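Chemist: Following this message is one structure expressed as structure tokens.
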Amino acid sequence: MVYFIKFLYSTFILPPGIFVLLLIIFSFKLFRYKVNLGKKLLILSIAFYICTIPIAGNSAIRLLENRYKVPANPSGDVIIMLGGGSTLDTPNLGFNGHLSGFAANRLLTSIQLYKKLNIPIIVSGGKVYKSTGTESEISKNILMSMGVPENKIIVENKSINTEQNVKFTKEILNSNNYKKPILVTSAFHMQRAAMQFKKSNVVVLPFPTDYQTNINEDLELNDFIPSSDSMVKLSLSVKEFIGILASYF
Numbered sequence: 001m002v003y004f005i006k007f008l009y010s011t012f013i014l015p016p017g018i019f020v021l022l023l024i025i026f027s028f029k030l031f032r033y034k035v036n037l038g039k040k041l042l043i044l045s046i047a048f049y050i051c052t053i054p055i056a057g058n059s060a061i062r063l064l065e066n067r068y069k070v071p072a073n074p075s076g077d078v079i080i081m082l083g084g085g086s087t088l089d090t091p092n093l094g095f096n097g098h099l100s101g102f103a104a105n106r107l108l109t110s111i112q113l114y115k116k117l118n119i120p121i122i123v124s125g126g127k128v129y130k131s132t133g134t135e136s137e138i139s140k141n142i143l144m145s146m147g148v149p150e151n152k153i154i155v156e157n158k159s160i161n162t163e164q165n166v167k168f169t170k171e172i173l174n175s176n177n178y179k180k181p182i183l184v185t186s187a188f189h190m191q192r193a194a195m196q197f198k199k200s201n202v203v204v205l206p207f208p209t210d211y212q213t214n215i216n217e218d219l220e221l222n223d224f225i226p227s228s229d230s231m232v233k234l235s236l237s238v239k240e241f242i243g244i245l246a247s248y249f
């Protein structure tokens, strides 16, 4: 019963389901007066519905996330963690700022690799917007609070996009004579990031993390219920595919 109630309000009350429903109702009403316009709106409604369901978002992002596999026995001399968003003034333990979900998952994986390999971590990411925090500085504070020594953390705080992540991180690699970097970033972002490092003649070992969906697809009813999370995944996927295409040029 609880699941059925959840199904009803998720599908017909919460966005984006409510918008899908209203569009379909309005398109059928239009049929009475303007058939062609009603047909066009119905097609648009169906297209919008497809963009909101998990099967679409998961399928799109899975294409990116399955590009690289997690190494069974990773080895290297430094970890590169790419930033993925942060807040500016939210209170933390002794400092301000938190990492976004993407960046926080990358940080957790970097800590796991540090515990396993005992090698330095380069945290790459600057202040992207006036309203956001400096990602690498926040990452450093969190790493230190988790027991990673300060001398094992290298801060790169100038970059504001993936291309600059690579540019400024490469300078750190060269100045410290690191030869076997392990690249940690979200699985959906790994292909674009790896391409940028390759273009800069930097050989990295990809270590994807922050998976947004399962590796294997197992369909269920929930995969056809409109969800705002599915739209986020689809948007992320489109952004990455455009970035990958742009990287070729």
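In the UniProt record's numbering, the protein residues as written are 1 to 249. Just so it is clear, CB atoms sit at the ideal spot from N, CA and C, and this is done for glycine as well. The model shown is predicted, which means the values in this text are computed figures rather than measured ones.
#1: Work out the CA separation of Q191 and V202 for me, nearest whole Å.
#2: Anyone know if the C-beta pair for L113 and I182 falls short of 8 Å?
#3: Can you tell me which of the three DSSP states F241 falls into?
#4: Count the C-beta pairs between the segment 39-49 and the segment 17-27 that are closer than 8 Å, then say yes if the count reaches three, no if not.
#5: Excluding the 5 residues flanking A193 on each side, which residues of the same chain have their C-beta closer than 7 Å to its C-beta?
#6: Runs of 4 residues minimum, wholly inside the segment 97-141: which ones carry the alpha helix (DSSP H) assignment?
#7: Is DSSP giving S75 helix, strand or coil here?
#8: Suppose you measure from the CA of N222 to the CA of L22; what does that come to, to the nearest Å?
#9: Could you compute how far the alpha carbon of N157 sits from the alpha carbon of P15?
#10: Does the Cβ of E240 have 16 or more other Cβ atoms within 10 Å, making it buried, or fewer, making it exposed?
#11: Taking one C-beta from the segment 75-90 and one from the segment 120-128 each time, how about it: are there three or more such pairs within less than 8 Å?
#12: According to DSSP, simplified to helix, strand and coil, what is T207?
#13: Are I61 and S237 close, meaning C-beta to C-beta below 8 Å?
#14: Go ahead and label E220 buried or exposed: buried means 16 or more other beta carbons lie within 10 angstroms of its beta carbon, across all protein chains shown.
#15: Would you report the Cα separation of N105 and P206, rounded to the nearest angstrom?
#16: At what residue ranges does the segment 21-101 contain a whole run of the alpha helix (DSSP H), taking only runs of 4 or more?
Modeler: A quick look at the data gives this:
#1: The residue you call residue 202 lines up with position 202 of the sequence shown. The residue you call residue 191 lines up with position 191 of the sequence shown. If you take the alpha carbons of V202 and Q191, they lie about 14 Å apart.
#2: For the purposes of this step, residue 113 is taken as residue 113 along the sequence shown, with counting starting at 1. For the purposes of this step, residue 182 is taken as residue 182 along the sequence shown, with counting starting at 1. Cβ atoms of L113 and I182: closer than 8 Å.
#3: The residue you call residue 241 lines up with position 241 of the sequence shown. The answer is helix: DSSP assigns F241 an H, G or I state.
#4: yes
#5: Taking the sequence shown and counting its residues from 1, one reaches residue 193 at position 193. Cβ within range, chain order: L82, T162, L183, T185.
#6: 101-117
#7: Position 75 of the sequence shown, counted from the first residue, corresponds to residue 75. Note: S75 maps to coil in three-state DSSP.
#8: If you number the sequence shown from 1, residue 222 lands on position 222. If you number the sequence shown from 1, residue 22 lands on position 22. One C-alpha to the other measures close to 20 Å.
#9: Against the sequence shown, residue 157 aligns to sequence position 157. Against the sequence shown, residue 15 aligns to sequence position 15. Taking the straight line from one Cα to the other gives about 37 Å.
#10: Walking along the sequence shown from the start, residue 240 turns up at place 240. Counting Cβ neighbours within 10 Å, E240 comes out buried, since at least 16 surround it.
#11: yes
#12: Locating residue 207 in the sequence shown gives position 207, counting from the first residue. The question names Thr, but residue 207 is Phe in the sequence shown. Strand at F207.
#13: For the purposes of this step, residue 61 is taken as residue 61 along the sequence shown, with counting starting at 1. For the purposes of this step, residue 237 is taken as residue 237 along the sequence shown, with counting starting at 1. A contact, by the Cβ cut-off of 8 Å.
#14: Stepping through the sequence shown from its first residue, residue 220 is reached at position 220. Exposed, because fewer than 16 other Cβ atoms sit within 10 Å of the Cβ of E220.
#15: On the sequence shown, residue 105 is found 105 positions in, with the first residue counted as 1. On the sequence shown, residue 206 is found 206 positions in, with the first residue counted as 1. Each residue's Cα considered, the two are about 15 Å apart.
#16: 35-52, 54-65
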